[in-house]
Ligand SMILES: [Fe+2]
């Protein structure tokens, strides 16, 4: 199946900018590109920080921008989001019994888990006891799972995020590591740089690049610089070959065309 991941859209009310970037312009370009190039997508997932300050007008703008997408859309919350305003704008997005924006989707290639790590007043993620209970139930399934969450439940190694990681003492990763059916991949956002790796136990993970403002990649600087870049998203393929993630940037100039490589 083909899943499109968009992350850290950081929308503000129309016309606004964040760190020198127009989140609206960026996301409109992404949605337009997905419409033209990925009409066969099975799902679009936006992995949190949907809106920068959580205003109703920003969520209304998000609804407007995403409206042309033809496939199902799952929206996750990040630290910048506002759960009540999100629910007002997207009442049809699935929630768990405690009101967290969490859900599962069963596919021919395993269960997809969409986790809610947002906690009002925290920049880092919270995944408390009630959410862990929901996760335990969601993991009662045979076969592999693929996990979508805003805050990385793994070590990102970036100084800026030292104090704003997932504040769960490793509980989420421990649950996933113990899953008998395995974890195909953990997909996240939050860090505004592209990252791919694996845990000591061998669980693969990666982040998408932010669609809006992004960091100049700097592992050691706790005060890294923001920068701008092309609107971007990822194409995630899950099939009999496993899991693959492709970065896609919108509007890049064509400098030449490659010839067919017939081998050997
Ligand atoms: Fe973000």
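Numbering (my numbering), first residue to last: 878 to 1141. Note that CB positions come from ideal geometry on N, CA and C, so glycine has one too.
State yes or no: is the C-beta of residue i nearer than 7 Å to some heavy atom of ligand 1?
{"i": "residue 1047", "result": "no"}
{"i": "residue 1002", "result": "no"}
{"i": "residue 957", "result": "yes"}
Could you spell out the range, first to last residue, of the beta strand (DSSP E) harbouring residue i?
{"i": "residue 984", "result": "980-984"}
{"i": "residue 1124", "result": "1119-1126"}
{"i": "residue 1082", "result": "1081-1084"}
{"i": "residue 1113", "result": "1109-1116"}
{"i": "residue 1014", "result": "It is not in any beta strand (DSSP E) - residue 1014 instead sits in the alpha helix (DSSP H) that spans 1006-1015."}
{"i": "residue 991", "result": "987-991"}
{"i": "residue 1038", "result": "It is not in any beta strand (DSSP E) - residue 1038 carries neither H nor E in the DSSP assignment."}
{"i": "residue 918", "result": "Counting along the chain, residue 918 falls outside any beta strand (DSSP E), and DSSP gives it neither H nor E."}
{"i": "residue 1075", "result": "1072-1075"}
{"i": "residue 952", "result": "950-953"}
{"i": "residue 1023", "result": "1022-1025"}
Between the options, which lies nearest to residue i when the distance is taken from Cα to Cα?
{"i": "residue 984", "options": "1041, 1018, 898, 1014", "result": "1018"}
{"i": "residue 998", "options": "976, 1033, 1041", "result": "1041"}
{"i": "residue 887", "options": "930, 974, 1001", "result": "930"}
{"i": "residue 1046", "options": "1074, 1006, 1073", "result": "1006"}
{"i": "residue 1101", "options": "913, 939, 1070", "result": "1070"}
{"i": "residue 1124", "options": "1080, 1107, 936, 1134", "result": "1107"}
{"i": "residue 1030", "options": "1037, 878, 1133, 1054", "result": "1054"}
{"i": "residue 1062", "options": "990, 1109, 937, 1038", "result": "990"}
{"i": "residue 996", "options": "889, 1110, 1024, 953", "result": "953"}
{"i": "residue 973", "options": "1119, 901, 1037, 1011", "result": "1011"}
{"i": "residue 939", "options": "961, 889, 1081, 981", "result": "889"}
{"i": "residue 937", "options": "1138, 966, 924, 1132", "result": "966"}
{"i": "residue 916", "options": "948, 1082, 899", "result": "948"}
{"i": "residue 975", "options": "982, 958, 993, 987", "result": "993"}
{"i": "residue 1080", "options": "1052, 1014, 1105", "result": "1052"}
{"i": "residue 1105", "options": "891, 1093, 1039", "result": "1093"}
{"i": "residue 987", "options": "1078, 1056, 1137", "result": "1056"}
{"i": "residue 1039", "options": "1058, 962, 1078, 1099", "result": "1099"}
Could you tell me whether the Cβ atoms of residue i and residue j are closer together than 8 Å?
{"i": "residue 1127", "j": "residue 910", "result": "yes"}
{"i": "residue 955", "j": "residue 926", "result": "yes"}
{"i": "residue 1072", "j": "residue 1084", "result": "yes"}
{"i": "residue 1090", "j": "residue 895", "result": "yes"}
{"i": "residue 1096", "j": "residue 1020", "result": "no"}
{"i": "residue 942", "j": "residue 904", "result": "yes"}
{"i": "residue 970", "j": "residue 1008", "result": "no"}
{"i": "residue 1074", "j": "residue 1043", "result": "no"}
{"i": "residue 912", "j": "residue 945", "result": "yes"}
{"i": "residue 1049", "j": "residue 1004", "result": "yes"}
{"i": "residue 1022", "j": "residue 964", "result": "no"}
{"i": "residue 924", "j": "residue 1037", "result": "no"}
{"i": "residue 1066", "j": "residue 884", "result": "yes"}
{"i": "residue 1024", "j": "residue 882", "result": "no"}
If I follow the unbroken alpha helix (DSSP H) through residue i, where does it start and stop?
{"i": "residue 1065", "result": "Premise fails: residue 1065 lies in the beta strand (DSSP E), 1060-1065, not in any alpha helix (DSSP H)."}
{"i": "residue 1145", "result": "Here the chain has residues from 878 to 1141 only, and residue 1145 is not among them."}
{"i": "residue 906", "result": "900-914"}
{"i": "residue 884", "result": "Premise fails: residue 884 is in no alpha helix (DSSP H) and is neither H nor E."}
{"i": "residue 963", "result": "960-966"}
{"i": "residue 1054", "result": "1048-1054"}
{"i": "residue 1097", "result": "Looking at the DSSP string, residue 1097 is not in any alpha helix (DSSP H), and its letter there is neither H nor E."}
Chain-ordered residues, beta carbon under 5 Å from a heavy atom of ligand 1: A Cβ closer than 5 Å to some heavy atom of ligand 1 marks a residue here, and those residues are 885, 926.
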